[in-house]
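So the sequence shown is residues 438 to 661, counted in my numbering.
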Amino acid sequence: MIQLSKLKAFIFDLDGVITDTAEYHFLAWKALAEDLNISFTRELNEELKGISRMDSLEKILQFGGKEQEFSEQEKLELATKKNEHYVELINKITPSDILPGIEKLLRDIKQANLEIALASASKNANMVLEALKLKDQFDYIVDVTKIKKGKPDPEIFLKAAELLKVDPSSCVGVEDAIAGVEAIKSAGMYAVAVGPKSSFQKADLVYETTEALSFKEIKERFEE
């Protein structure tokens with residue numbers, strides 16, 4: 438008889454799942470790209486979802502045909518400039534910026550005595566959670582500066598499971614990026630995606646919006 442995993446933990450992405458800082462990322466990358474005379478579109482911004490700051494910069498430079506024009510040190514300075522602008526923008530975040538349905542989902546998970554971790558590519562995750570007044574809801578926040586490989590590599594989700602001391606097969610990962618869903622599945626976890634169903638063929642369960650997220654349904658589907 439196959440031994441089924443018991444649900445023990447939820448591991449969340451931040452941007453686009455807990456709060457929508459994607460617009461702030463877009464504005465900060467757009468300002469940097471325009472300084473470099475690179476046209477930055479919302480379509481290109483979509484491709485940056487879930488990937489690290491340096492990988493995002495590389496994509497933008499490739500898009501503008503300028504990937505060979507900067508040294509590694511200059512690229513670090515560009516990424517820092519973008520982040521400083523982004524931090525200025527997110528300083529305006531308040532609990533009213535928590536996406537619909539998320540507070541209830543976190544409450545339901547806690548009431549079921551399950552663990553919660555954050556696996557975000559954002560180096561500003563702690564600051565954002567504090568501004569949202571949600572930090573105490575999370576048992577662990579993975580330190581992304583110690584993660585060697587970005588999503589779609591599963592490293593950050595595996596690290597979250599390790600910190601929570603649970604088997605990856607006992608975890609549900611919640612993501613809004615294709616790279617993030619791929620990372621969850623590669624980690625051997627159950628993948629819940631937020632966004633258009635057509636974009637997430639690899640997810641186990643897809644919700645169009647965060648407001649539709651249902652702890653009861655996710656738990657039932659996980660245990661099926």
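Backbone N, C-alpha and C define an ideal beta-carbon position, used for all residues, glycine too. These figures come from a predicted structure and were not determined experimentally.
- prompt: First and last residue of the beta strand (DSSP E) that includes GLU552?
  reply: Numbered from 1 along the sequence shown, position 115 holds the residue referred to as residue 552. Segment 552–555, the beta strand (DSSP E) holding GLU552.
task: Can you say whether SER635 is buried or exposed, counting buried as having 16 or more other CB atoms within 10 angstroms of its CB?
output: To locate residue 635, count along the sequence shown from 1; it is residue 198. The residue is exposed, with fewer than 16 neighbouring Cβ atoms inside 10 Å.
field: Inter-residue spacing [alpha-carbon to alpha-carbon] between ALA597 and ILE578
entry: For the purposes of this step, residue 597 is taken as residue 160 along the sequence shown, with counting starting at 1. For the purposes of this step, residue 578 is taken as residue 141 along the sequence shown, with counting starting at 1. For ALA597 and ILE578, the distance between alpha carbons rounds to 8 Å.
field: Sequence-distant residues of its chain with Cβ nearer than 7 Å to THR647 (five each side left out)
entry: Here the question's residue 647 lines up with position 210 in the sequence shown. Counting only Cβ-Cβ distances below 7 Å, and skipping sequence neighbours, we find VAL454, LEU536, PRO537, GLY538, ILE539 and VAL631.
task: Quick one: which unbroken beta strand (DSSP E) runs of 3-plus residues sit fully inside the stretch 582–618? Chain order, please.
output: 608–612
message: According to DSSP, is LEU387 part of a helix, a strand, or is it coil?
response: Examination of residue 387 is not possible in this model, given that the chain is present from 438 through 661 alone.
- prompt: By DSSP, does ALA624 sit in helix, in strand, or in coil?
  reply: Numbered from its first residue, the sequence shown carries residue 624 at position 187. Three-state result, ALA624: coil.
field: Distance, THR517 Cα to ILE439 Cα
entry: On the sequence shown, residue 439 is found 2 positions in, with the first residue counted as 1. On the sequence shown, residue 517 is found 80 positions in, with the first residue counted as 1. Residue placement at ILE439 is poorly supported in this model, since its pLDDT is 43, which falls under 50; the coordinates are not used for a value here.
message: For ILE578, list the residues DSSP reports as bridge partners.
response: Position 141 of the sequence shown, counting from 1, holds the residue named residue 578. In the DSSP output, where bridge partners are listed per residue, ILE578 has LEU555.
field: Whole-angstrom C-beta distance between PHE637 and ILE448, which should lie under 8 Å
entry: Taking the sequence shown and counting its residues from 1, one reaches residue 448 at position 11. Taking the sequence shown and counting its residues from 1, one reaches residue 637 at position 200. The pair is not a contact, with the Cβ atoms about 17 Å apart (cut-off 8 Å).
- prompt: In its own chain, which residues sit with a C-beta less than 6 Å from the C-beta of ARG490, not counting the 5 before and 5 after it?
  reply: Counting from one through the sequence shown, the residue named residue 490 turns up at place 53. Hits under 6 Å: ALA516.
field: Closest Cα partner of ILE559 within the set LEU542, HIS462, LEU444 and GLU661
entry: Here the question's residue 559 lines up with position 122 in the sequence shown. Rather than Ile, the amino acid found at residue 559 in this sequence is Ser. Minimum Cα distance to SER559 is reached at HIS462.
field: Same chain, Cβ closer than 6 Å to LYS486, five either side skipped, listed in chain order
entry: In the sequence shown, counting from the first residue as 1, residue 486 sits at position 49. The answer, listed in chain order, is ALA614.
query: Are there 16 or more other CB atoms within 10 angstroms of the CB of SER476, so buried, or fewer, so exposed?
result: Along the sequence shown, one-based indexing puts residue 476 at 39. Exposed, since its Cβ has fewer than 16 Cβ neighbours within 10 Å.
- prompt: Between the beta-carbon of VAL611 and the beta-carbon of VAL629, is there less than 8 Å?
  reply: Within the sequence shown, the letter at position 174 stands for residue 611. Within the sequence shown, the letter at position 192 stands for residue 629. Taking a C-beta distance under 8 Å as the contact criterion, VAL611 and VAL629 qualify as a contact pair.
- prompt: Which residues mark the beginning and the end of the alpha helix (DSSP H) in which PHE637 is found?
  reply: Start at 1 with the first residue of the sequence shown, and residue 637 comes out as number 200. Taken as a continuous stretch (DSSP letters only), PHE637 belongs to no alpha helix (DSSP H), as it is neither H nor E.
- prompt: Hey, LEU624 and PRO591 are a contact pair by Cβ (cut 8 Å); roughly how many whole angstroms apart?
  reply: Stepping through the sequence shown from its first residue, residue 624 is reached at position 187. Stepping through the sequence shown from its first residue, residue 591 is reached at position 154. The question names Leu, but residue 624 is Ala in the sequence shown. Right, the Cβ-Cβ distance comes to about 4 Å (below 8 Å), so this counts as a contact.
- request: Could you tell me the boundaries of the alpha helix (DSSP H) in which ILE455 lies?
  value: To locate residue 455, count along the sequence shown from 1; it is residue 18. Here ILE455 belongs to no alpha helix (DSSP H), and DSSP marks it neither H nor E.
task: Would you tell me roughly how many angstroms separate the C-alpha atoms of ASP452 and ALA459, rounded to the nearest one?
output: Stepping through the sequence shown from its first residue, residue 452 is reached at position 15. Stepping through the sequence shown from its first residue, residue 459 is reached at position 22. Roughly 6 Å between the two C-alpha positions.
task: From the DSSP output, in three-state form, read off ILE439 for me.
output: To locate residue 439, count along the sequence shown from 1; it is residue 2. Unreliable positioning characterises ILE439 in this predicted model, as indicated by a pLDDT of 43, which lies under 50. The coordinate reading is nonetheless provided below. Residue state, collapsed to three classes: coil.
query: Does DSSP put ALA468 in a helix, in a strand, or in coil?
result: If you number the sequence shown from 1, residue 468 lands on position 31. Residue state, collapsed to three classes: helix.
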